[in-house]
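> As they're listed, the protein sequences go chains H and U. In short: position in the first sequence from 1, add 2, done, that's the numbering used here. In short: position in the second sequence from 1, add 2, done, that's the numbering used here. Note that beta-carbon positions come from the ideal geometry of N, C-alpha and C, so glycine has one too. Attaching a single structure in structure tokens format; questions to follow.
2 protein chains.
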Amino acid sequence: MNTDAAGTGTIAPMDSSNTRRDATRRKLFEAAVTLIAEQGFSSTTVDEIAERAGVAKGTVYYNFASKNVLFEELLRHGIELLATSLQAAAEEVTERGGSQVDALDAMIRAGLDFISRYPALTQLYVAELWRTNRAWQSTLMVVRERAITVVEDVLREAVARDELSGEIDIPLTASALFGMVLVAALDWQSYQPDRSIDDVHAALSRLLQGRVSGRPS
Amino acid sequence: MNTDAAGTGTIAPMDSSNTRRDATRRKLFEAAVTLIAEQGFSSTTVDEIAERAGVAKGTVYYNFASKNVLFEELLRHGIELLATSLQAAAEEVTERGGSQVDALDAMIRAGLDFISRYPALTQLYVAELWRTNRAWQSTLMVVRERAITVVEDVLREAVARDELSGEIDIPLTASALFGMVLVAALDWQSYQPDRSIDDVHAALSRLLQGRVSGRPS
DNA sequence: CTCCTTGAACTGACTGGTCAGTTCAAAAAG
DNA sequence: CTTTTTGAACTGACCAGTCAGTTCAAGGAG
Chain H
3 MNTDAAGTGT
13 IAPMDSSNTR
23 RDATRRKLFE
33 AAVTLIAEQG
43 FSSTTVDEIA
53 ERAGVAKGTV
63 YYNFASKNVL
73 FEELLRHGIE
83 LLATSLQAAA
93 EEVTERGGSQ
103 VDALDAMIRA
113 GLDFISRYPA
123 LTQLYVAELW
133 RTNRAWQSTL
143 MVVRERAITV
153 VEDVLREAVA
163 RDELSGEIDI
173 PLTASALFGM
183 VLVAALDWQS
193 YQPDRSIDDV
203 HAALSRLLQG
213 RVSGRPS
Chain U
3 MNTDAAGTGT
13 IAPMDSSNTR
23 RDATRRKLFE
33 AAVTLIAEQG
43 FSSTTVDEIA
53 ERAGVAKGTV
63 YYNFASKNVL
73 FEELLRHGIE
83 LLATSLQAAA
93 EEVTERGGSQ
103 VDALDAMIRA
113 GLDFISRYPA
123 LTQLYVAELW
133 RTNRAWQSTL
143 MVVRERAITV
153 VEDVLREAVA
163 RDELSGEIDI
173 PLTASALFGM
183 VLVAALDWQS
193 YQPDRSIDDV
203 HAALSRLLQG
213 RVSGRPS
């Protein structure tokens with residue numbers, strides 16, 4: 003019954019690390035995200051999550067109504083981190099008078115930062131995003147929307163300012179750019195983790211700015 | 003013991019659709035790929051797979067050593083389809099004297115074709131590719147290698163012919179291109195399935211050829 | 001053509017184990 | 001005091017894998 007576990011008695015601060023309870027919840031999120039990224043949702047047991055978080059199983063159910071709810075809240079919590087960071091990167095550039103293409107570039111950088119900071123979370127989104135018929139599908143659609151919109155907005159503004167051709171397909175280009183960064187970053191993390199983020203960023207920038215098909219000299 | 007159930011009395015044809023057994027295996031592949039794409043590996047039961055294939059559970063175990071093995075063979079079977087089709091597309095262009103950039107474009111098209119023909123298979127690869135600590139991880143590395151190499155080869159040849167800048171990072175660019183097509187196509191299938199493949203192809207071509215940042219007129 | 005034989009292919013009830021979710025009394029924290 | 005955590009015991013559903021028994025199709029034999 004009591005889904006409102008956050009204690010609405012006081013105006014809940016949402017994110018800050020005030021109460022003991024919040025600390026526990028954060029430990030559980032962290033434990034769950036790595037385990038689920040590694041093994042998938044179904045093969046991760048609640049006992050495992052509790053153990054990795056250093057907490058009793060009963061505590062999990064004191065803090066979350068179910069395994070499903072824990073996961074959904076995890077998804078929602080994660081996307082805020084990503085969308086906020088992308089938006090901040092874009093706005094920072096725009097406010098300093100940079101071009102929208104520069105803003106895109108800054109978002110690529112922010113995306114890479116995010117993925118290298120939260121690889122498990124990213125892996126988990128990728129695994130779930132295009133899956134159908136799952137309990138948390140609606141949550142995922144919101145999550146996707148939240149992230150893609152940020153990219154689309156910048157593209158739209160770029161077209162408005164004549165920085166990009168008006169013929170580009172905004173939603174599709176946004177997806178493609180998103181995918182480009184996502185897959186390149188995951189491969190980087192998985193197969194060449196030693197490379198610097200600047201290196202990776204430079205390669206993707208080049209691709210974005212169409213300098214790939216330009217002649218060398 | 004007897005894994006060699008195909009009857010080695012005659013020189014086994016390997017792939018053709020001769021025997022009753024092959025037909026059964028194909029039905030099982032088809033059933034498994036959709037179910038696993040929808041629900042994930044762990045939450046898909048062998049009973050479900052058997053039922054969807056119109057076959058008894060025992061038959062699954064007569065044809066495959068385990069659920070894991072069924073899945074691994076499915077992965078291997080699928081990647082052959084993809085790699086072959088990408089390679090064919092690239093070679094066809096090259097042999098007709100086209101540029102390597104044209105070959106890349108043809109591969110994008112072939113990739114889109116593949117994804118629209120086998121959406122479930124694609125979804126399944128995406129979900130599993132960057133996961134760690136799974137039983138079939140080594141199979142997946144082979145699978146990934148097989149696909150990425152095709153793209154890298156074309157990029158390398160393009161650099162050799164001076165069509166692309168020698169400064170591009172071949173593995174990373176290959177990943178990025180792969181991701182661009184993958185994510186754009188999955189989004190297309192999931193959220194705008196009505197659009198024509200030509201439409202999607204055109205948008206991605208534009209992105210590849212750097213015409214995005216060119217001015218409209 | 002019909003009857004038999006043979007081995008491969010298939011069947012589905014059954015088993016042993018696992019796991020999500022529940023409950024609760026008692027302890028710790030604040 | 002209240003809120004939160006503990007940890008262990010329990011339940012009921014679910015599921016991978018097994019195996020003794022059945023069906024099928026092809027190739028003689030008469």
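1) Check for me: the alpha helix (DSSP H) holding Pro121 of chain U runs from which residue to which?
2) Please state whether the Cβ-Cβ distance between Ala178 of chain U and Gly113 of chain U is less than 8 Å.
3) Going straight from the alpha carbon of Arg119 of chain U to that of Ile199 of chain U, what length do you get?
4) Would you decide whether Arg144 of chain H is buried or exposed? Buried here means 16 or more other CB atoms lie within 10 Å of its CB.
5) DSSP three-state call for Trp190 of chain H: helix, strand or coil?
6) Going by Cα to Cα distance, which pick from H:Ser45, H:Ala52 and H:Phe43 is closest to Arg28 of chain H?
7) Where does Pro173 of chain U fall in DSSP's three states?
8) Looking at chain U, which residues of the region 169-181 of chain H have a Cβ within less than 8 Å of any of its Cβ atoms?
9) My assumption, with CB atoms under 8 Å, is that Leu123 of chain H sits in contact with Gly56 of chain H. Please give the rounded CB distance.
10) State whether the region 88-102 of chain H contacts the region 128-145 of chain H, with contact taken as three or more CB pairs (one from each stretch) at a distance under 8 Å.
11) By the 10 Å Cβ neighbour count, where 16 or more other Cβ atoms means buried, how is Thr175 of chain H classified, buried or exposed?
12) Among U:Pro121, U:Val185, U:Leu157 and U:Phe180, which residue has its Cα nearest to the Cα of Arg146 of chain U?
13) With a 10 Å radius around its C-beta and 16 neighbouring C-beta atoms as the bar for buried, classify Glu21 of chain U as buried or exposed.
14) Nearest by alpha-carbon distance to Pro173 of chain H: which of U:Glu165, U:Met182 and U:Ile170 is it?
15) Counting only beta-carbon atoms, is Val202 of chain H nearer than 8 Å to chain U?
16) Please decide whether Gln102 of chain H counts as near chain U, where near means a Cβ-Cβ distance under 8 Å.
17) Give the residues of chain U in contact with Glu40 of chain H, contact being defined as C-beta atoms less than 9 Å apart.
18) Specify, as a first and last residue, the run of the alpha helix (DSSP H) that Asn135 of chain H falls within.
19) Just the C-alpha distance for Leu83 of chain H and Arg111 of chain H, rounded to the nearest angstrom, thanks.
20) Can you tell me whether Gly42 of chain H is buried or exposed? The criterion is at least 16 other CB atoms within 10 Å of its CB, across all chains shown.
If we stick to the structure as given:
1) The residue given as residue 121 of chain U occupies position 119 in the second sequence. That run of the alpha helix (DSSP H) goes Pro121 to Leu131.
2) Looking up residue 178 of chain U in the second sequence gives position 176. Looking up residue 113 of chain U in the second sequence gives position 111. No. Outside cutoff.
3) Here residue 119 of chain U refers to the residue found at position 117 when the second sequence is read from its first residue. Here residue 199 of chain U refers to the residue found at position 197 when the second sequence is read from its first residue. Straight across, the Cα-Cα distance linking Arg119 of chain U with Ile199 of chain U is about 11 Å.
4) Along the first sequence, one-based indexing puts residue 144 of chain H at 142. In the sequence as presented, Arg is not what sits at residue 144 of chain H; that position holds Val. Note on Val144 of chain H: under 16 other CB atoms within 10 angstroms of its CB, so exposed under the neighbour-count rule.
5) The residue given as residue 190 of chain H occupies position 188 in the first sequence. In the three-state reduction of the DSSP assignment, Trp190 of chain H falls in the helix class.
6) Mapped onto the first sequence, residue 28 of chain H falls at position 26. Across the set H:Ser45, H:Ala52 and H:Phe43, the C-alpha of H:Ala52 shows the shortest separation from the C-alpha of Arg28 of chain H.
7) In the second sequence, residue 173 of chain U corresponds to position 171, counting from 1. Of the three classes helix, strand and coil, the one that applies to Pro173 of chain U here is helix, per DSSP.
8) Taking 8 Å as the upper bound on Cβ-Cβ separation, chain U lies near residues Glu169, Ile170, Asp171, Pro173, Leu174, Thr175, Ser177, Ala178, Leu179, Phe180 and Gly181 of the region 169-181 of chain H.
9) Walking along the first sequence from the start, residue 123 of chain H turns up at place 121. Walking along the first sequence from the start, residue 56 of chain H turns up at place 54. Contact doesn't hold; Cβ gap of about 20 Å is too wide.
10) Contact annotation: the region 88-102 of chain H does not touch the region 128-145 of chain H, with fewer than three C-beta pairs closer than 8 Å.
11) As a first step, residue 175 of chain H must be located in the first sequence, where it is residue number 173. It is buried - the Cβ of Thr175 of chain H has at least 16 other Cβ atoms within 10 Å.
12) Against the second sequence, residue 146 of chain U aligns to sequence position 144. That would be U:Phe180, whose Cα lies nearest to the Cα of Arg146 of chain U.
13) As a working note, residue 21 of chain U is residue 19 in the second sequence. Before going further, note that residue 21 of chain U is Thr rather than Glu in the sequence given. Classification of Thr21 of chain U: exposed, given that the 10 Å Cβ count is below 16.
14) Position 171 of the first sequence, counted from the first residue, corresponds to residue 173 of chain H. Just measuring C-alpha positions, the residue of U:Glu165, U:Met182 and U:Ile170 sitting nearest Pro173 of chain H is U:Met182.
15) Here residue 202 of chain H refers to the residue found at position 200 of the first sequence. Yes, Val202 of chain H lies at the interface with chain U (some Cβ there is under 8 Å from its Cβ).
16) Position 100 of the first sequence, counting from 1, holds the residue named residue 102 of chain H. It does not: the Cβ of Gln102 of chain H has no partner Cβ on chain U nearer than 8 Å.
17) Position 38 of the first sequence holds residue 40 of chain H. Those are Arg133, Thr134, Asn135 and Arg136, listed as they occur along chain U.
18) Within the first sequence, numbered from 1, the residue matching residue 135 of chain H stands at position 133. Run containing Asn135 of chain H: none; DSSP gives neither H nor E here.
19) Along the first sequence, read from residue 1 onward, the residue named residue 83 of chain H stands at position 81. Along the first sequence, read from residue 1 onward, the residue named residue 111 of chain H stands at position 109. If you draw a straight line from the Cα of Leu83 of chain H to the Cα of Arg111 of chain H, it comes to about 15 Å.
20) To locate residue 42 of chain H, count along the first sequence from 1; it is residue 40. It counts as buried.
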